[in-house]
Amino acid sequence: MKKQQGSVLIITVVVLFAATMISLYAMRGTIFQDKMTANINNKVITTNAAEDGATQFLTWLNGQFKASGGGWPTGTTQQNWNTSAGIPKTNSGTLTVNSGNNGYYWIDPSKHPVGCASNPCWDNTNKIVTVKVTGNLIKTSGSTTKILGESVYQIKIKGQFPGAVKLPDLPAALTLGGTVGSFTGKNSNNFKIDGQNKLAIATMNSSASTVLTGIPSNRRDSDHYSGGADCPTGSGACVKNTDLGIWGDANNVMALVESIKNASGVTYINGSVSGKLADSVPSCAGIVIIRGDYSPNGNQCDFKGVLIILGSFNGNGGGNTSIRGGVYVANIQGSSPGTYTFGNASMNLNGGGNMSITYDASFLGGDPNNPFAGGGSIKTTVLAWNEVEL
Numbered sequence: 003m004k005k006q007q008g009s010v011l012i013i014t015v016v017v018l019f020a021a022t023m024i025s026l027y028a029m030r031g032t033i034f035q036d037k038m039t040a041n042i043n044n045k046v047i048t049t050n051a052a053e054d055g056a057t058q059f060l061t062w063l064n065g066q067f068k069a070s071g072g073g074w075p076t077g078t079t080q081q082n083w084n085t086s087a088g089i090p091k092t093n094s095g096t097l098t099v100n101s102g103n104n105g106y107y108w109i110d111p112s113k114h115p116v117g118c119a120s121n122p123c124w125d126n127t128n129k130i131v132t133v134k135v136t137g138n139l140i141k142t143s144g145s146t147t148k149i150l151g152e153s154v155y156q157i158k159i160k161g162q163f164p165g166a167v168k169l170p171d172l173p174a175a176l177t178l179g180g181t182v183g184s185f186t187g188k189n190s191n192n193f194k195i196d197g198q199n200k201l202a203i204a205t206m207n208s209s210a211s212t213v214l215t216g217i218p219s220n221r222r223d224s225d226h227y228s229g230g231a232d233c234p235t236g237s238g239a240c241v242k243n244t245d246l247g248i249w250g251d252a253n254n255v256m257a258l259v260e261s262i263k264n265a266s267g268v269t270y271i272n273g274s275v276s277g278k279l280a281d282s283v284p285s286c287a288g289i290v291i292i293r294g295d296y297s298p299n300g301n302q303c304d305f306k307g308v309l310i311i312l313g314s315f316n317g318n319g320g321g322n323t324s325i326r327g328g329v330y331v332a333n334i335q336g337s338s339p340g341t342y343t344f345g346n347a348s349m350n351l352n353g354g355g356n357m358s359i360t361y362d363a364s365f366l367g368g369d370p371n372n373p374f375a376g377g378g379s380i381k382t383t384v385l386a387w388n389e390v391e392l
């Protein structure tokens, strides 16, 4: 009988121990889950605060365009975001919530965007401003404020002004003027040219076959070279000989170049460009005309606009870049109006990397909200709006 009582006691103790351990693990799991939920909530607050600050800056910028009579803010006017927009430039001292539930947005003048010496960063040539906006989770007790979390958003905004350049439409994401002498497409699976509702690549003088031959056979498909309804059937890649319009006449192209090369929003480079495009075009946006060869190497900035290359386009090595808008390549020879001719076009891209060219009409003209449309009222175009990793 005593042995039975002892056994019952041992079993009872074991059961109680097991129940206790299960309770402890359940409690631990609940605490962990609560912490995760709290972290998510905190992140939402800081993200929303940064978004609110970015929206406040955009609203102020639009107001400045109107207040200054339709011009681009210059001099001390560029600093008015701190006073007239009510956007703080510090997060020290006693802070007051200015966004939702314990959120606080501000612009840190020392947090310069890449390639800039100030925040906000004003590109007066291309009429683009880049700004980093910080969102904090704050807790104020008496005269002391603690910073409990942080998110940073970077936005890039371009001003559109009456009389800005409006380009003739392009037939493709990549347009090759003249006879194509050589073409090589990247072998990377992440290299893509997307013509959207246009062609991926447009050629003239029966050069489509040269381009198709230069595309690696395992990439010669609509996954890597896609386009709209005008894509030829059977070739896989959306590459086609077509009427290039003004872009198929060397004299017309050069007449266009001469008429716009000094206009607002246009970067004209009289010579070849190699290495990093951002070294020559810090904004990585707008209409860029290169009167020479373009030889990029390595990672490049994401470009939004139109690249007009009046020479060869030859890139070596791996590199990541996203071009949104359009690219035109033509080897135009001659030096005076009426005598320009097409030489053989050359475009060769080697190596790996994530590279894409995507047709986007909003950077070519015809869309009232694009940064190059002529006439109309002043508008802004948001070129980038994204969170920055800390």
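Okay, so the sequence shown: first residue is 3 according to our numbering, each after it adds one. Virtual Cβ for every residue (Gly too), placed ideally from N, Cα, C.
Query: Contacting residues, own chain, Cβ-Cβ under 8 Å from F34 (five flanking each side not counted); Result: Caution applies to F34, whose pLDDT of 48 falls short of 50 and renders its modelled position unreliable; the model cannot decide the point.
Query: Straight-line Cα distance separating T147 from P90; Result: 15 Å
Query: Nearest residue (CA-CA) to Y106, options K113, L97, S112 and H114; Result: L97
Query: Three-state secondary structure (DSSP) of E260; Result: helix
Query: C-alpha gap between G71 and T79, whole angstroms; Result: Note on G71: pLDDT 47, under 50, position unreliable in the model; the coordinate value appears next. Straight-line Cα distance between these residues: approximately 13 Å.
Query: Contact set for V154: own chain, Cβ-Cβ below 8 Å, skip 5 residues either direction; Result: A52, K113, K134, V135, T136, G137, E389, V390 and L392
Query: Residue span of the alpha helix (DSSP H) that contains T215, given as start and end; Result: A210 to G216
Query: The alpha helix (DSSP H) enclosing V282, as first and last residue numbers; Result: First, the amino acid is wrong: residue 282 is Ser here, not Val. Its alpha helix (DSSP H) spans residues L279 to S282.
Query: Straight-line Cα distance separating P234 from K200; Result: 12 Å
Query: Which of helix, strand or coil DSSP assigns to A265; Result: coil
Query: Spatial distance of G300 from L351 (CA atoms); Result: 11 Å
Query: C-beta atoms of S285 and N316 nearer than 8 Å; Result: no
Query: CA-to-CA distance, T343 to A119, given in whole angstroms; Result: 43 Å
Query: Secondary structure of Q302, DSSP reduced to three states; Result: coil
Query: Assumed close pair K160, I130 - CB separation to whole angstroms, cut-off 8 Å; Result: 5 Å
Query: Contacting residues, own chain, Cβ-Cβ under 6 Å from R222 (five flanking each side not counted); Result: G238 and A239
Query: Inter-residue spacing [alpha-carbon to alpha-carbon] between S86 and M357; Result: 41 Å
Query: Between the CA atoms of T92 and D110 - distance to the nearest angstrom; Result: 6 Å
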